[in-house]
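Visitor:
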Amino acid sequence: MKSPSIALPSELIRLSPGRISNRTIILVALGIYALVSWMILNGADNPPIRFRFDATRLVEASLVLKLHVGGALAAFGIGTALMMGVKGRRLHKRLGYTWVVAMAVTAISSFFLTGLNGNQFSWIHGLSAWALIGLPMGIAAARRKDIARHRKHMTGMFTGGMLVAGLFTFLPGRMMWSIFFAA
Ligand code: HEM
Numbered sequence: 001m002k003s004p005s006i007a008l009p010s011e012l013i014r015l016s017p018g019r020i021s022n023r024t025i026i027l028v029a030l031g032i033y034a035l036v037s038w039m040i041l042n043g044a045d046n047p048p049i050r051f052r053f054d055a056t057r058l059v060e061a062s063l064v065l066k067l068h069v070g071g072a073l074a075a076f077g078i079g080t081a082l083m084m085g086v087k088g089r090r091l092h093k094r095l096g097y098t099w100v101v102a103m104a105v106t107a108i109s110s111f112f113l114t115g116l117n118g119n120q121f122s123w124i125h126g127l128s129a130w131a132l133i134g135l136p137m138g139i140a141a142a143r144r145k146d147i148a149r150h151r152k153h154m155t156g157m158f159t160g161g162m163l164v165a166g167l168f169t170f171l172p173g174r175m176m177w178s179i180f181f182a183a
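Following the working numbering, the numbering of the sequence shown begins with 1 at its first residue and continues without gaps.
1. Report yes if the C-beta distance between His68 and Ser21 is below 8 Å; otherwise report no.
2. Once you ignore the five residues that flank Phe121 on each side, which residues in its own chain have a CB closer than 7 Å to its CB?
3. Contact check, Leu82 vs Trp99 under 8 Å by CB: the rounded distance?
4. Ends of the alpha helix (DSSP H) at Met103?
5. DSSP three-state label for Phe53, please.
6. Can you tell me whether Ala61 is helix, strand or coil according to DSSP?
7. With DSSP as the reference, please indicate the residues paired to Asn42 in a beta bridge.
8. Would you grab the beta carbon distance between Arg50 and Ser178 for me? Rounded to a whole angstrom, and I think it's under 8 Å.
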């Protein structure tokens, strides 16, 4: 029997004609990221920026934030491997469930994090809510053997949720940015 193949990123992008492609979402997010970063730095009179590595803020952060970053980094690594098309159905399943747990930890922990919008939830919490709805839908589709829908849910969450939310954690002034840059 022919084992089910796993699509390459380029095939995933072609899967849903008429829909906004993952590539478009990433390009738009990069554009918004560049614009907002420019506005933040411009508002601070364009201070000189130097590269450094100082994880003090993360080391001293709360447990929930460490859990969030740990889950996010695991979800990023495993998600990248899955998107590249790991070989073998069993490995795909194991990595897939681990990715789901890592994403759920990232999304649930984020509801205990605020700051961007004072003490209120910000638009990024919308991505967390979307992930918590999309994860069981993606699993249900896989169990029904509806592979096209499964791919759509999971790749959408990886690009639209994981990559976009991760990118915006690197806005000037936010914690991830301050680990790598000083102004
Ligand atoms: C590589 C990926 C990610 C990293 C490194 C990361 C890191 C962080 C950090 C350090 C914070 C708190 C400090 C700050 O706001 O600067 C934070 C907040 C947050 N993260 Fe993440 N995160 C990632 C992915 C995600 C994902 C995938 C989601 C949702 C699906 C998410 C949702 C949130 C939310 C909602 C907040 C609170 C934002 C606010 O202050 O309103 N993050 N993240």
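A virtual CB, placed ideally from N, CA and C, is assigned to each residue, including glycine.
Guide: Looking at the atomic coordinates:
1. no
2. Thr114
3. That pair is a contact at about 6 Å.
4. Element bounds for Met103: Arg89 to Ser110.
5. Three-state DSSP puts Phe53 in coil, outside helix and strand.
6. coil
7. According to DSSP, Asn42 bridges with nothing at all.
8. The Cβ separation is near 12 Å, so there is no contact.
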